[in-house]
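Novice:
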Amino acid sequence: MSELTYKKKKLVFSKTDIESVAKKYKTPFFLYSEEILVNNYQSFYEGAKAAGVRKPLVCFAMKSNPNKELVSILASMGSGADIVSGGELRRALEAGIPSDKIVFSGVGKTEEEILYALTVSKKGIYSFNVESLEELELINKCAKKTKTNARICFRLNPVVKPKTHKFISTGNKTHKFGLLEKDVLASLGKSIYWSHSTLVGLSVHIGSQLLDLKATKRAIAILCDVALKTKMPLEFLDVGGGLGVDYHPDEKKRLPSIETYMNIVAATLDRNFYQKSDLKPRVVFEPGRRIVAKAGIFVMSVLRNKVSENNHFVIVDGGMNDFMRPSLYDAYHGMLPVHQGLAKHPCHIVGPICETSDCFGSNRLMPKLKSGDLLVLQDTGAYGFSMGSNYNLRGRPLELLIKKNQKFKTINKPQDYKDLL
Ligand code: LLP
């Protein structure tokens, strides 16, 4: 499904004429599509089933987009959650995700967060994805204090190098994430770690926006190898998230389909684990971007033009505080004018923030744009609103959802000065 198309020279997103939305709501705003979100989740889950993955549990990575309405939609389809904070845990629960479908990742879980996660229900959460032995010791102490038993999954650092931006690569020794195989194995049987905790799973997550799956395959094979070496009756193997999307047109050709990805996961697990063991652990996934990136766009208005000799700036009302991927990672995001025109003028699309990096794209070919014209930044559903800030004391923007019945729903009100001052 193409998310954005022109119909009679006007841009349409998920069957909705964007201009008509912008007539009712003030820009800038995020616009999401329930239909695309639902399709993305379904194709991920069904893809896992079709490839023969054992009892897949899809734990949506809440950091990519923790909007309550969007998470509720995923919860109603059976999604679990991958969380990294007490805030995300509370949000997952209020959105209807059962505690036994929640995995808790992150290198800096606090004692307060651990205590809450242990006592949130009779059995606590599905698992703590542990990133250091000190963390494990603390979780074990907390479980003792609360007379509970902690369900533990080690996040393994498989020491692989995926091809992605260095800021979102996580599977090597130099990264703060995960535990090395030798530390995982050395911890087993030591009561400071295990008197009130049980090892139930093993996980890997080697990075994000992965388009080349060689390192993923290697990491899963290493995961299997270490899982066998633990000789523990593991309930699940967690293959993490990280599957990329095509932000740039050139990435379309390299984009792994869900089918390709799931076949790699299933075959690697089969060859390296199931064929060598009597155990039949289920498989946990932690996708964020692949589920939600393409389900959202960011709609902005042109404020004015500015020409400095041969540099043509188009100044828009959205800024890096609203969407920071281009300024933080130099990430490419497509941009389309809502009114189709002859795109032949190279311009820099910049926001109002007082930073040179507040630029959504340089030398983009655009039709002539004037004050009030609408411009769409594509593929902003993941790591968009969730990474935004109030920098420059700007209010956070509106989030809107196009429901399946084509009606709009405000799913997060914009902040105004009352909220800020
Ligand atoms: N699991 C764990 C343990 C993670 O750390 C992450 C992402 C995910 C799952 C989900 O990864 P995904 O399927 O979304 O790639 N802000 C960056 C991305 C940071 C990803 C952090 N961890 C960006 O905008 O590209």
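Heads up, the sequence shown is in this note's numbering, so the first residue is 37 and it goes up one at a time. The beta-carbon is built from N, C-alpha and C at its ideal position, and this holds for glycine as well.
Determine whether the beta carbon atoms of glutamate 322 and glycine 276 lie at a separation below 8 Å.
Specialist: yes
Novice: From which residue to which residue does the beta strand (DSSP E) around alanine 186 run?
Specialist: In the DSSP assignment, alanine 186 falls within the unbroken beta strand (DSSP E) covering 186-191.
Novice: Less than 8 Å between the CB atoms is what I'm expecting for isoleucine 204 and glycine 243, so what's the real figure, rounded?
Specialist: The beta-carbon separation of isoleucine 204 and glycine 243, rounded to 6 Å, stays under the 8 Å limit for a contact.
Novice: CA-CA distance, proline 388 and leucine 437?
Specialist: 26 Å
Novice: Considering Cα atoms alone, identify which of Ser69, Glu55, Val350 and Lys62 is closest to glutamate 39.
Specialist: Ser69
Novice: So what does DSSP say about proline 382, is it helix, strand or coil?
Specialist: strand
Novice: Note down, in chain order, each residue of its chain lying with its Cβ closer than 7 Å to the Cβ of glutamate 171, except the 5 sequence neighbours on either side.
Specialist: Lys145
Novice: Starting from isoleucine 150, follow the alpha helix (DSSP H) in both directions and report where the run begins and ends.
Specialist: 147-155
Novice: Roughly how many angstroms separate the alpha carbons of lysine 342 and serine 407, rounded to a whole number?
Specialist: Taking the straight line from one Cα to the other gives about 11 Å.
Novice: With DSSP as the reference, label tyrosine 42 as helix, strand or coil.
Specialist: strand
Novice: So, under 8 Å CB-CB, serine 233 and asparagine 176 are touching, yes? Tell me the CB distance rounded to an integer number of Å.
Specialist: 5 Å
Novice: I need the DSSP call for asparagine 399, collapsed to helix, strand or coil.
Specialist: strand
Novice: Please classify glycine 280: does DSSP put it in a helix, a strand, or coil?
Specialist: coil
Novice: Near serine 108, which residues of its chain fall below 8 Å by C-beta distance, leaving aside the five closest residues on each side in sequence?
Specialist: Answer for serine 108: Ala131 and Gly132, listed in chain order.
Novice: Hey, is the region 323-330 in contact with the region 384-400, meaning 3+ C-beta pairs nearer than 8 Å?
Specialist: no
Novice: Check this for me: beta carbons of methionine 113 and valine 74, under 8 Å apart or not?
Specialist: yes
Novice: Between alanine 58 and the rest of its own chain, which residues show a CB-CB distance below 7 Å, the 5 nearest in sequence each way excluded?
Specialist: Val335 and Leu410, listed in sequence order.
Novice: Could you tell me the alpha carbon to alpha carbon distance between threonine 200 and alanine 331, rounded to whole angstroms?
Specialist: 22 Å
Novice: For valine 143, I'd like the list of residues in its chain whose CB is within less than 7 Å of its CB, leaving aside the five on either flank, ordered along the chain.
Specialist: Around valine 143: Glu167, Ser168, Lys212 and Phe213.
Novice: Go through the region 321-345 residue by residue and report every complete run of the alpha helix (DSSP H) that reaches 4 residues or more, in order.
Specialist: 325-328
Novice: Closer than 7 Å to a non-hydrogen atom of the ligand LLP - does that hold for the CB of leucine 315?
Specialist: Checking every heavy atom of the ligand LLP against the Cβ of leucine 315, none is found closer than 7 Å.
Novice: How big is the Cα-Cα spacing for leucine 129 and asparagine 185?
Specialist: If I take the Cα positions, the gap works out to 20 Å.
Novice: Check each candidate in Ala179, Ser135 and Leu125 and name the one with the smallest Cα separation from leucine 151.
Specialist: For the residues Ala179, Ser135 and Leu125, the minimum Cα distance to leucine 151 belongs to Ala179.
Novice: Can you grab the Cα-Cα spacing for the pair leucine 352 / isoleucine 385, in whole Å?
Specialist: Note on identity: in this sequence residue 352 is valine, with leucine being the wrong assignment. Approximately 7 Å between the Cα atoms of the pair.
Novice: For asparagine 308, which residues from the same chain have a beta carbon less than 6 Å from its beta carbon, with the 5 sequence-adjacent residues on both sides left out?
Specialist: The answer, listed in chain order, is Ala257 and Cys260.
Novice: Can you tell me where the alpha helix (DSSP H) with cysteine 95 in it begins and where it stops?
Specialist: Note, cysteine 95: premise wrong, no alpha helix (DSSP H); beta strand (DSSP E) at 93-97.
Novice: DSSP on threonine 252, reduced to helix/strand/coil?
Specialist: helix
Novice: Enumerate in chain order the residues of its own chain whose CB-to-CB distance from glutamate 271 is below 8 Å, with the five nearest sequence positions on each side excluded.
Specialist: Val236, Gly237, Pro317 and Arg318
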